[in-house]
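A.B. asks:
Protein chains in written order, with this note's numbering: chain A, 3 to 116; chain B, 365 to 476.
1) Reducing DSSP to helix, strand and coil, say where residue 367 of chain B ends up.
2) How about residue 80 of chain A and residue 21 of chain A: are their beta carbons less than 8 Å apart?
3) Please name the residue in B:407, B:469, B:449, B:391 whose C-alpha comes closest to that of residue 432 of chain B.
4) Determine the DSSP secondary structure at residue 86 of chain A, reduced to helix, strand or coil.
5) Can you confirm whether residue 432 of chain B, when its beta carbon is compared against all beta carbons of chain A, has any partner nearer than 8 Å?
6) Using beta-carbon positions only, say whether residue 467 of chain B and residue 110 of chain A come within less than 8 Å of one another.
7) Counting only runs of 3+ residues fully inside the region 374-413 of chain B, write out the beta strand (DSSP E) ranges in chain order.
8) Identify whether residue 44 of chain A lies in helix, strand or coil by the three-state DSSP scheme.
9) For residue 105 of chain A versus residue 453 of chain B, is the C-beta spacing smaller than 8 Å?
10) Give me the chain A residues within the contact set of residue 467 of chain B, using Cβ-Cβ distance strictly less than 7 Å, ordered along the chain.
11) Please identify, using Cβ separations under 7 Å, the residues of the region 452-463 of chain B that lie next to chain A, in order along the chain.
12) Name the one or two DSSP bridge partners that residue 9 of chain A has.
13) What's the gap between the Cα of residue 18 of chain A and the Cα of residue 379 of chain B?
14) Given this structure, state the Cα-to-Cα distance separating residue 13 of chain A from residue 90 of chain A, to the nearest angstrom.
15) Taking C-beta pairs closer than 8 Å, name the residues in chain B that residue 50 of chain A reaches, listed in chain order.
16) Measuring straight from C-alpha to C-alpha, what distance separates residue 70 of chain A and residue 373 of chain B?
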């Protein structure tokens, strides 16, 4: 089944403790992206990747890192999480960043930083 | 500055009636528009899209209308069903390598 898989689905952590949210897609998509969803703010892009070893900042990259060493994986790293990073995170992928290639989203990771 | 605006946070419609969700944009470079639907505890799923060279695109019960001069698009759902109850996100792209820009979403409730 074609899908984007994020892990974990739920995560509670403390301020400053490094964490990684994994994202994997099995559709051989070139483009991958991370979003966060907050009440009243909709979906905001954190980072995106056009292809392996190519990453770029989205609208809200502060406090996050990403890597794209393999085509299928695009982990989101929070080196020193803070409470303002408490949010619902979505990974997404598409064949390319082109108009006729809609995004496929994972089911989300709900992160709470205390 | 928000480039894609969904000014109605929520909408309630009776089953069988038409649901109209609206979206306005400010960036005249946007040339492709998409609607995504999101159920609780799931990621958004693609619903329908429209290119700026068209003013209407239809897929079953879902129709998207684009008014370029007004920088406005709308999603019509006819007839509305309880299973359509979800949050709907409007998104826009300026093409090429530019990222999608999402609106804040509208929560649709279809009441049986």
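All residues carry an ideal CB built from backbone N, CA and C; glycine is no exception.
C.D. replies: The structure says:
1) By one-based count along the second chain, residue 367 of chain B stands at place 3. Residue 367 of chain B: coil per DSSP, three-state reduction.
2) Start at 1 with the first residue of the first chain, and residue 80 of chain A comes out as number 78. Start at 1 with the first residue of the first chain, and residue 21 of chain A comes out as number 19. With a cutoff of 8 Å on beta-carbon distance, residue 80 of chain A and residue 21 of chain A are scored as near each other.
3) Counting from 1 along the second chain, the entry for residue 432 of chain B is found at position 68. The option with the nearest alpha carbon to residue 432 of chain B is B:391.
4) Counting from one through the first chain, the residue named residue 86 of chain A turns up at place 84. If DSSP states are grouped into helix, strand and coil, residue 86 of chain A belongs with the helices.
5) The residue you call residue 432 of chain B lines up with position 68 of the second chain. Cβ-Cβ to chain A under 8 Å: no for residue 432 of chain B.
6) Along the second chain, one-based indexing puts residue 467 of chain B at 103. Along the first chain, one-based indexing puts residue 110 of chain A at 108. In this structure, residue 110 of chain A does not lie closer than 8 Å to residue 467 of chain B by Cβ.
7) Taken in chain order, the unbroken stretches of beta strand (DSSP E) that lie wholly in the region 374-413 of chain B and span 3 residues or more are 374-378, 383-389, 396-402.
8) Position 42 of the first chain, counted from the start, is the residue given in the question as residue 44 of chain A. Strand at residue 44 of chain A.
9) As a working note, residue 105 of chain A is residue 103 in the first chain. As a working note, residue 453 of chain B is residue 89 in the second chain. Taking 8 Å as the Cβ cut-off, residue 105 of chain A and residue 453 of chain B do not qualify as a contacting pair.
10) Reading the second chain from its first residue, position 103 is the one you call residue 467 of chain B. Within 7 Å of the CB of residue 467 of chain B, the CB atoms of chain A belong to 44, in sequence order along the chain.
11) Using a CB distance below 7 Å, the part of the region 452-463 of chain B facing chain A consists of 453, 457, 459, 461, 463, ordered along the chain.
12) Translated into positions along the first chain, residue 9 of chain A becomes position 7. Partner(s): A:24.
13) On the first chain, position 16 is the one that residue 18 of chain A refers to. On the second chain, position 15 is the one that residue 379 of chain B refers to. Their backbone Cα atoms lie some 48 Å apart in a straight line.
14) Taking the first residue of the first chain as position 1, residue 13 of chain A is located at position 11. Taking the first residue of the first chain as position 1, residue 90 of chain A is located at position 88. Going from the Cα of residue 13 of chain A to the Cα of residue 90 of chain A covers about 10 Å.
15) Looking up residue 50 of chain A in the first chain gives position 48. Per Cβ cutoff of 8 Å: 463.
16) Reading the first chain from its first residue, position 68 is the one you call residue 70 of chain A. Reading the second chain from its first residue, position 9 is the one you call residue 373 of chain B. Distance between the alpha carbons of residue 70 of chain A and residue 373 of chain B: 35 Å.
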